[in-house]
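Residue numbers (the working numbering), protein chains in the order written: chain A, 1 to 113; chain B, 1 to 112.
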């Protein structure tokens, strides 16, 4: 019954590594999002995508890039991981028809050491 | 960045108590207001999406109201149960782009 799947629940990476966070949805949603959540702060939007190969910067895109080669998959890339990117990362999707709530993945807790 | 504010930050109540939290959002350029429940170790789950001033939605013991003119929404839980313990997030959409701006959440703990 899982609809948005994030590839890893917990991840530990070293500073300077290139990190890939994968998100797959099986609901044929056009819109996909990457947020990060830090204590005391709301979810902050990193990048989003309206369609295959389309991407737009959110509020905090620095240090990140994304890839959407297929409709169901939206990847977040940390080009060179830094300790300030230690966070909980949440992927979400929503359809373009109507105003619907997001469907979220279960999150990836990334620690950069 | 336009801010969405939630209060209180955390709340401890006894089982059976009724409770409510507030979400404040910019009333200009309002498009939609979302509420989510996020239980520990689970995904955030959509509770309500509201668009019209005066909207009131209900799901079991949980209900929400919306005032778009003054920029606030209330979430009510009647007769809280331990399984209601979670972080409740609200989020505002300013346009039809599907982007949401989230508040920092209200963490509710219901003691048996």
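In this text, a Cβ means the ideal position worked out from N, Cα and C, and glycines have one as well.
The model shown is predicted, which means the values in this text are computed figures rather than measured ones.
Drop a sphere of 10 angstroms on the beta-carbon of residue 12 (chain B), count the other beta-carbons inside from all chains shown, and report buried for 16 or more, exposed for fewer. exposed
Spatial neighbours of residue 57 (chain A) within its chain, please: CB distance less than 7 Å, with the 5 preceding and 5 following residues excluded, ordered by chain position. 47
For residue 30 (chain A) and residue 50 (chain A), believed in contact at Cβ under 8 Å, the rounded distance: 6 Å
Label residue 41 (chain A) either buried or exposed according to how many other C-beta atoms from any shown protein chain fall within 10 Å of its C-beta, with 16 as the threshold for buried. exposed
Top-ranked residue by Cα proximity to residue 62 (chain A), from A:78, A:71, A:113, A:72: A:78
Name the residues in the stretch 31 to 45 of chain B whose C-beta lies less than 9 Å from a C-beta of chain A; which are they? 31, 32, 34, 35, 36, 38, 41, 42, 43, 44, 45
Looking at chain B, is there any beta carbon in it that lies within less than 8 Å of the beta carbon of residue 74 (chain A)? no
Using 10 angstroms around the beta-carbon of residue 8 (chain B), count the other beta-carbons present and answer buried if the total reaches 16, otherwise exposed. exposed
C-alpha distance - residue 87 (chain B) paired with residue 44 (chain B), whole-angstrom precision: 9 Å
State buried or exposed for residue 50 (chain B), treating a residue as buried only when at least 16 other CB atoms are found within 10 Å of its CB. buried
Is the shortest distance between the beta-carbon of residue 100 (chain A) and the beta-carbons of chain B less than 8 Å? yes
Under the rule that 16 or more other beta-carbon atoms within 10 Å means buried, what is residue 94 (chain A), buried or exposed? buried
Which one of B:73, B:31, B:30, B:57 has the shortest CA to CA distance from residue 5 (chain B)? B:73
What in chain A is Cβ-close to residue 98 (chain B), meaning under 7 Å? 31, 94
When B:26, B:63, B:93 are compared against residue 80 (chain B), the one with the closest alpha-carbon: B:63
Once DSSP output is grouped into helix, strand and coil, what is the label at residue 83 (chain A)? helix
Any chain A beta carbon closer than 8 Å to residue 25 (chain B): no
Beta carbon proximity, residue 41 (chain A) to chain B, threshold 8 Å: yes
Among A:7, A:14, A:25, A:99, which has the Cα closest to the Cα of residue 92 (chain A)? A:25
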